[in-house]
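Undergrad: Counting from 5, one number per residue, gives the positions in the sequence shown under our numbering.
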Amino acid sequence: MEHHSFLLAELRKLLHEDTHAVPLRDLVESLPVSVVYVDAQQVVRIVNREFEKWYARPRSQIIGRSMREVTGDDERYFATQKFVKNALQGYKTSFFLPRNYPDSQQRYIAAYLEPDISPDGKVLGYVGVYCPVPLLGDEAKHIFDDRGFRIAAGGLGQQLVDN
5 MEHHSFLLAE LRKLLHEDTH AVPLRDLVES LPVSVVYVDA QQVVRIVNRE
55 FEKWYARPRS QIIGRSMREV TGDDERYFAT QKFVKNALQG YKTSFFLPRN
105 YPDSQQRYIA AYLEPDISPD GKVLGYVGVY CPVPLLGDEA KHIFDDRGFR
155 IAAGGLGQQL VDN
């Protein structure tokens, strides 16, 4: 079983308010990256504290809303849709983009989307992990190419399994 599958299974427990998921909830809350679970209809179901900070809104204004509503910016929303569609078709995907956030700062992010696939093969949604990249432009692209980021994101997932 891949470490990402473990993370998905634990996030499913959070979705269903399973009391055994409390240690994972605390861990996800403390991560310095944004974590979000989005269902197949692109409705946000779980976010961590960092996601709230990035969007400058409390969780109560994020959970249950569509990603399009949450982003509040058509350009930002449409820039990621090809990657989201890949995830919702069952493909792991990653990307690197500059993003302007509600706090008026531009951040470069490296993102990894892991599809949540049921045992019968239906895509239920995806988990998104968004990492800020403290470099500018082309410099960061060379470091966070697709393969390199998958390895880095995989390492994060492995840390979740090991802890």
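Using N, Cα and C, we set each Cβ at its ideal position, and we do this for glycine too.
For residue 60, is the classification buried or exposed, using 16 other Cβ atoms within 10 angstroms of its Cβ as the cut-off for buried?
TA: It is exposed - the Cβ of residue 60 has fewer than 16 other Cβ atoms within 10 Å.
Undergrad: Check whether the segment 38 to 53 and the segment 68 to 80 are in contact - that is, three or more C-beta pairs closer than 8 Å.
TA: As far as the Cβ criterion goes, the segment 38 to 53 touches the segment 68 to 80, which means the pair count is three or higher.
Undergrad: Looking only at C-alpha atoms, which of 44, 30, 77 sits nearest to residue 54?
TA: When each option's Cα is compared against that of residue 54, the closest is 30.
Undergrad: Am I right that residue 131 and residue 41 are in contact with their C-beta atoms under 8 Å? What's the rounded C-beta distance?
TA: Indeed they touch by this definition, with Cβ atoms about 5 Å apart.
Undergrad: Report the CB separation of residue 116 from residue 137 in whole angstroms; it is logged as a contact under 8 Å.
TA: About 13 Å; that fails the 8 Å criterion.
Undergrad: Is it buried or exposed, residue 129, if we count other Cβ atoms within 10 angstroms and call 16 or more buried?
TA: Classification of residue 129: buried, given that the 10 Å Cβ count is 16 or more.
Undergrad: Using the C-alpha atoms, what's the distance from residue 109 back to residue 94?
TA: Roughly 32 Å separates the two Cα atoms.
Undergrad: Roughly how many angstroms lie between the CA atoms of residue 87 and residue 99, to the nearest whole one?
TA: If you take the alpha carbons of residue 87 and residue 99, they lie about 7 Å apart.
Undergrad: Evaluate residue 64 with the Cβ neighbour count: other Cβ atoms within 10 Å of its Cβ, from every protein chain shown; 16 or more gives buried, anything less gives exposed.
TA: By the 10 Å Cβ count, residue 64 comes out exposed.
Undergrad: What is the rounded straight-line gap between the Cα of residue 89 and the Cα of residue 56?
TA: Distance between the alpha carbons of residue 89 and residue 56 is about 23 Å.
Undergrad: Could you name the residues of the same chain whose beta carbon sits closer than 8 Å to that of residue 66, not counting the 5 residues immediately before and after it, in chain order?
TA: The answer, listed in chain order, is 48, 51, 55, 56, 59, 74.
Undergrad: Taking the alpha helix (DSSP H) that residue 92 falls in, what are its first and last residues?
TA: Per DSSP, residue 92 belongs to the alpha helix (DSSP H) from 78 to 92.
Undergrad: Between residue 120 and residue 97, what straight-line distance do the alpha-carbon atoms span, to the nearest angstrom?
TA: Going from the Cα of residue 120 to the Cα of residue 97 covers about 12 Å.
Undergrad: Excluding the 5 residues preceding and the 5 following residue 62 in the sequence, name in chain order all residues of the same chain whose CB lies nearer than 8 Å to its CB.
TA: Excluding residues within five positions, the ones whose Cβ falls inside 8 Å are 56.
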